[in-house]
Amino acid sequence: MGKIRIYADFNSCDEQDRVMLNTVGSLRDLEKYKAVIKAGAPVVLYVPGEFEVSGTLIFEEIWKGVPDWSTILYEDAK
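Each residue of the sequence shown is one higher than the last, beginning at 63 in our numbering.
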């Protein structure tokens, strides 16, 4: 299936800067990969037309993404 790509709204983070994946776009992507997602899974968190960053999934009442900011790739740099 390739990389798990999850839309992320980086304006919606918890106190530990983990992205809450509960927006319409995030939920749509999570549904698409529901057969393979699990806590600890590597993912690509993306903002269409802006950037993407590698991360890890965690589940604490809702799915959250933990971004690894050292992997950020801006759209115009692709």
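Where is the CB? At the ideal position from N, CA and C, for every residue including glycine.
Open item on the list: Please report the distance separating the alpha-carbon of Asp138 from that of Pro110.
Closed with: 11 Å
Open item on the list: Judging by CA-CA distance, which residue of Lys126, Phe121 and Pro104 is the nearest neighbour of Thr133?
Closed with: Pro104
TODO: Name the two residues that bound the continuous alpha helix (DSSP H) containing Lys94.
DONE: Val86 to Lys94
Open item on the list: Please report the straight-line C-alpha distance between Asp76 and Trp125, rounded to a whole angstrom.
Closed with: 12 Å
Task: Supposed close pair Tyr69, Tyr108 - CB separation, criterion 8 Å - done: 6 Å
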